[in-house]
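Read top to bottom, the protein sequences are chains H and W. Take 1 as the starting number for the first sequence in our numbering and just add one per residue. Take 1 as the starting number for the second sequence in our numbering and just add one per residue. Here's the structure, in C-alpha cells; my notes come after.
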Amino acid sequence: MSADPLSGAAPAKAALWRRPVFRSTVFQVLLILGVVAIANYLFTNTLHNLEQRGISTGFGFLSMEAGFGILQTLIPYDETYTFGRTFLVGLLNTLLVSGLGIFLATLIGFVMGVARLSSNWLIARIATVYIEIFRNIPLLLQILFWYFAVLQPLPQPRQSLDLGGMFFLNNRGFYLPAPVFEAGFNLVWIALAIAVVVVFFMARWARRRQEETGQQFHTVYVSLAILFGLPLLVFLAAGTPLTWELPALKGFNFKGGVTIIPELMALLTALSIYTGAFIAEAVRSGILAVSHGQTEAAYAVGLRPSVTLRLVIIPQALRVIIPQLTSQFLNLTKNSSLATAVGYPDLVAVFAGTTLNQTGQAVEVIAMTMGVYLTISLTISTFMNWYNKKKQLVER
Amino acid sequence: MNVQKQPGPDLPPPASSVGVIGWLRKNLFSSAPNTVLTLVAGYLIYITLVPAFQWAFLNADWVGDSREACDSGGACWVFVAVRFDQFMYGFYPEAEYWRINLAFGLLIALMVPLFIEKFSRKGMLAAFILIVYPVIAYYLFSGGAFGLVHVETSLWGGLSLTLVLAGVGIVAALPIGIVLALGRRSGMPIVRAVSVVFIEFWRGVPLITVLFMSSVMLPLFLPEGTHFDKLLRAMIGIVMFQSAYMAEVVRGGLQAIPKGQYEAAQALGLSYWKTMGLIVLPQALKLVIPGIVNTFIALFKDTTLVLIIGLFDLLATIQSAFSDPNWLGYSVEGYVFAAATFWIFCFSMSRYSQALERKLHTGHAR
C-alpha cells in the first residue's frame with residue numbers, strides 16, 4: 001500500500017468485504033458453484049431417470065437401422081439406412097427449404113420494399129397492405145393455411161391443373177420439367193468456371209487501372225457478358241447437350257420431371273411471403289436511412305442518377321439493410337423447423353420427431369438438433385459481426 | 001406610358017394539376033410506365049378483391065346453427081359463430097366462463113390508466129399489474145381456492161390460452177431479461193460469460209426445439225415422480241426463450257444511456273444496484289418500451305407453436321374443429337377468422353409501438 005501523497009498518512013483500509021475485487025471474486029466463484037451445482041443436479045437426475053427407463057446413453061443409436069421411410073430425400077435413402085443417415089437427410093431438407101426460402105424471400109422483399117417507396121400511389125399502397133397483413137399473422141397459421149386450405153383441396157392427379165403442358169399442379173404436388181444433362185454438358189460447366197476466373201481477374205485489373213489512371217471500365221456489363229456468353233457459346237458449339245424431361249400422367253400419378261411435394265410448397269410459400277414482408281421493411285428503412293442530402297450532393301458533383309444510385313445510395317443503404325437481412329435469413333432458417341406441422345421431413349420433423357420417438361434418446365437427439373441450429377446461427381452472426389465491423393461508419 | 005404598378009391577380013393553377021384529376025395525374029399516371037403499372041395493378045386488385053369481398057360479405061351466411069344454413073355459396077361464418085365460445089375459452093367449463101371474463105376485464109381496467117397522460121402513479125400501477133395481478137389471475141383461472149372450482153389446465157384453451165401464454169411469457173421474461181442484460185454488460189468476466197452463453201444459446205435455436213425440449217427433457221431433468229403440468233412445461237420453455245430476446249432488447253437500452261449517467265451516479269457514491277435501479281434502468285427501460293412491445297408481438301405470434309406439442313391455443317382449437325364431421329370443408333373460414341384475430345392484436349400493438357417510438361424519440365432525435 002502506498003502512502004497518501006498529500007497527508008503522508010496511510011489511507012484508511014477498507015474492510016475486506018467492501019473491496020470491489022474481493023466482492024466480485026466471491027460473487028463469481030459463487031456463480032460458478034451455483035451453475036455447476038444445477039448442472040450436476042440435472043445431470044444426475046437425467047442419468048437416474050434414463051436408467052429407470054432402460055434407455056442407454058450415447059450415440060450408438062446413430063448406426064442402428066432406422067426402419068422408416070422419408071417423404072423427400074435428396075440423397076439415396078430407404079428403411080434400411082441408419083439413424084445417422086436420417087439425420088443427414090433431415091439436415092439436407094432443412095437446408096433445401098431454407099436456401100430456396102431465402103432466395104424467394106429476398107426477391108419478394110426487395111421488390112416490395114422498393115414498391116412501398118414508389119411514387120405510384122397504388123403500387124405503394126399494395127406493398128404497404130402486403131407488408132402489414134403478412135407481418136402480423138403467425139407464420140404457423142400461414143403454413144397451415146397454404147397446406148390445408150389451398151393445396152389439399154386441389155384436384156386429383158387425373159384432373160391436374162395444366163399450365164402450358166409442361167407444369168402440372170395437383171394435390172400430390174407441383175410437377176416441373178427436369179433438365180437432363182447429356183454427355184457434352186460438362187464442357188459448359190468448365191466454360192462457366194473459366195468465365196468466373198476471367199471475370200475475377202478482369203475486375204481486379206479494372207479496379208487497379210481506375211485507381212492509377214482514373215479511367216473507368218464497364219465491369220458489370222462486361223462481366224455479365226462473359227459469365228453468360230462464354231457458357232452459352234460452348235453450349236451451342238457442343239450441340240445443345242440439354243433436354244427437358246416432361247412430367248406425364250401414368251396411371252394414377254405423374255412420372256418424370258421434378259416434383260415439388262405440397263408440404264414443401266406450403267412451407268416455402270408461407271416462409272417466403274412472411275419473411276419477405278420483414279425484408280421489405282428492412283429494405284425500406286435502409287433506403288430511407290440515406291439522407292436526401294447525399295443524393296443532392298452526388299448530383300451537385302455531377303454524378304448521373306444511375307451512378308448516384310450505384311455508388312452513393314446503395315452502398316450506404318446496404319450498411320443498414322445487410323445486418324437486418326442476415327438476421328431475417330437466420331429467422332427463416334429457424335422458422336423452417338415449423339415444417340413439422342405439415343409433415344415436411346426437415347431436421348426437426350425427421351430427427352427430433354420420428355427418430356426421437358423410435359429410439360427414446362431424447363437428450364442426444366435434442367442436443368444434436370439444437371447443435372445444428374446453433375452452429376448455423378453462430379456462423380451467420382460471426383459473419384455479420386465481421387461485416388458490420390468492416391462496413392461501420394468511421395467517424396472522426 | 002402605361003406601366004402596371006400592381007401585380008395582377010394570381011391565375012388559378014391549370015385544371016390538370018389540382019383536384020382529383022391533378023392527384024390522379026401526379027400519383028397514378030405520371031409517366032407511361034407508371035400508367036401501365038397502375039392499370040395492371042388495378043386489374044389484379046379487381047380480379048382478386050371483388051370475388052374475395054363477395055365471398056366474405058355479400059354471399060356469406062351469418063346466422064344459423066348447422067351447416068344447412070350455409071347454402072348461398074359464400075363464406076360460412078355460421079361455423080365460426082357456432083363454435084365461437086370454444087374458440088375463445090377452449091374446453092373450459094361453461095359455467096365458469098365468467099372467471100376468464102373477469103380476469104381479462106380486470107386486466108383491461110387496470111391497464112386503462114396507464115394510457116392516460118395525466119395519471120401520475122403509473123409506476124405503482126405497473127408494478128401492481130406485473131406482481132399482484134398474476135396471482136389474482138392465477139386463482140381466477142385455476143381455482144381451487146376461495147370457493148372457486150379447480151379447473152385442470154388441460155381444459156384451458158382457445159384465445160384465452162393464447163393470451164395467458166403470451167402474458168406469462170412477457171411478465172416472467174422481463175425480470176430475467178433485465179438480469180441477463182445487466183450480466184452481459186457486467187465487468188465481471190464470468191458473469192458476462194454465463195450471460196452471453198445463456199442468451200446466445202436460446203437465441204440460436206428455434207422455439208419449436210425449445211418446446212420439444214421442455215416437453216420431452218424436463219421430465220428427465222427433474223427427480224423421478226415430479227409431476228409436471230404440460231402447460232407449465234411449455235411456459236418454462238417460452239419464458240427461457242423469451243428472456244434471451246428480452247435481454248437483448250434491454251441491452252440495447254442500456255447501451256443507449258450515456259456514460260456520464262453511470263459516472264455521475266458513481267460520483268454520488270451510489271452502489272451498483274442503486275446506480276442501476278435508480279438512474280440507469282428507469283431511463284433505459286423507458287427507451288426500450290417499443291422494443292418490448294415488438295418482442296411481445298413476436299411472442300404473441302409464436303405462442304401458436306404450442307399446437308405442435310398438443311396444447312389447444314386459438315389456432316389449435318380452430319384446427320381441431322375442422323375434423324368435426326358436421327362441419328367438414330370450412331377450413332378457409334376458420335383460418336380467416338384466426339388470422340383476423342391475430343392480425344387485430346398484432347397490428348394494433350405494432351401501431352401503438354410505432355406511436356410510442358415517435359413520442360419517445362423527441363429528445364433523442366439526431
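Beta carbons: idealized from backbone N, C-alpha and C, even for Gly.
Which of helix, strand or coil DSSP assigns to residue i
i, result
"residue 395/W", "No statement about residue 395/W is possible, as the shown extent of chain W runs from 1 to 366 and does not include it."
"residue 229/H", "helix"
"residue 73/H", "coil"
"residue 129/W", "helix"
"residue 163/H", "strand"
"residue 383/H", "helix"
"residue 148/W", "coil"
"residue 260/H", "strand"
"residue 6/W", "coil"
"residue 79/H", "coil"
"residue 65/H", "strand"
"residue 19/W", "helix"
"residue 68/W", "helix"
"residue 213/W", "helix"
"residue 307/W", "helix"
"residue 49/W", "helix"
"residue 154/H", "coil"
"residue 15/H", "coil"
"residue 20/H", "helix"
"residue 113/W", "helix"
"residue 224/W", "coil"
"residue 359/W", "helix"
Beta-bridge partners of residue i, as assigned by DSSP
i, result
"residue 259/W", "BP columns for residue 259/W are empty, so no partner."
"residue 248/H", "255/H"
"residue 76/W", "61/W"
"residue 201/W", "Answer is none; residue 201/W lacks a bridge partner."
"residue 242/H", "181/H"
"residue 158/W", "313/W"
Where residue i falls, given that 16 or more other Cβ within 10 Å makes a residue buried
i, result
"residue 206/W", "buried"
"residue 77/W", "buried"
"residue 353/H", "buried"
"residue 190/H", "exposed"
"residue 366/W", "Per-residue confidence for residue 366/W stands at a pLDDT of 40, beneath the threshold of 50, marking its modelled position as unreliable; the derived number appears in the next sentence. Exposed is the call here."
"residue 301/W", "buried"
"residue 151/H", "buried"
"residue 1/H", "With a pLDDT of 42 at residue 1/H, under the threshold of 50, the modelled position of this residue cannot be trusted; read the value that follows with caution. Exposed: under 16 other Cβ atoms inside 10 Å."
"residue 73/H", "buried"
"residue 284/H", "buried"
"residue 345/H", "buried"
"residue 166/H", "exposed"
"residue 25/H", "exposed"
"residue 175/W", "exposed"
"residue 220/H", "exposed"
"residue 357/H", "exposed"
The ligand NAP heavy atom lying under 7 Å from the CB of residue i
i, result
"residue 94/W", "The ligand NAP is absent from the structure shown, which contains no ligands of any kind."
For the stretch 74 to 99 of chain H, which residues have a CB atom closer than 7 Å to at least one CB atom of chain W, in sequence order? none
In the stretch 212 to 233 of chain W, which residues sit with their C-beta less than 7 Å from some C-beta in chain H, listed in chain order? 212, 213, 216, 217, 220, 221, 222, 223 and 224
Where the stretch 64 to 81 of chain W meets chain H: residues whose CB sits under 9 Å from a CB there: none
Closer than 7 Å, Cβ to Cβ, to anything on chain H: give me those residues from the stretch 297 to 321 of chain W, in chain order. 301, 304, 305, 307, 308, 315 and 319
Give, in chain order, every residue of the stretch 322 to 356 of chain W whose Cβ lies closer than 7 Å to some Cβ of chain H. 331, 332, 335, 338, 339, 342, 343, 346, 347 and 350
Beta carbons nearer than 8 Å to chain H: which residues of the stretch 32 to 60 of chain W have them? 34, 37, 38, 41, 42 and 45
Curious, which full-length alpha helix (DSSP H) runs of at least 4 residues does the stretch 88 to 152 of chain H contain? 121 to 135 and 139 to 144
Contact residues within the stretch 245 to 271 of chain W, judged by C-beta distance below 8 Å to chain H: none
Check each residue of the stretch 99 to 121 of chain H: if its Cβ is closer than 7 Å to any Cβ of chain W, include it; give the result in chain order. 119, 120 and 121
Would you list, in sequence order, the uninterrupted beta strand (DSSP E) runs of no fewer than 3 residues that lie entirely inside the stretch 226 to 302 of chain W? none
As an exercise, report each continuous alpha helix (DSSP H) stretch of at least 4 residues that is fully enclosed by the stretch 263 to 302 of chain H, in chain order. 292 to 300
For the stretch 318 to 374 of chain H, list the alpha helix (DSSP H) runs that are entirely contained and at least 4 residues long, ordered along the chain. 356 to 359
List, from N- to C-terminal side, the beta strand (DSSP E) runs of 3 residues or more that fit wholly inside the stretch 169 to 236 of chain H. 173 to 176 and 178 to 181
Members of the stretch 16 to 36 of chain H that neighbour chain W once the beta carbon cut-off is set at 8 Å: 24, 27, 28, 31, 32 and 35
Short-range partners of chain W found in the stretch 43 to 61 of chain H, where Cβ spacing is below 8 Å: 45, 46, 48, 49, 50 and 52
Give, in chain order, every residue of the stretch 143 to 159 of chain H whose Cβ lies closer than 8 Å to some Cβ of chain W. 144, 145, 148 and 149
Which of the residues in the stretch 176 to 197 of chain W, read from start to end, lie with their CB under 8 Å from any CB of chain H? 187, 188, 189, 190, 191 and 194
Please identify, using Cβ separations under 9 Å, the residues of the stretch 351 to 363 of chain H that lie next to chain W, in order along the chain. 352, 353, 356, 362 and 363
Output, in sequence order along the chain, the residues in the stretch 198 to 209 of chain W whose CB is closer than 9 Å to any CB in chain H. 200, 201, 203, 204, 205, 206, 207, 208 and 209
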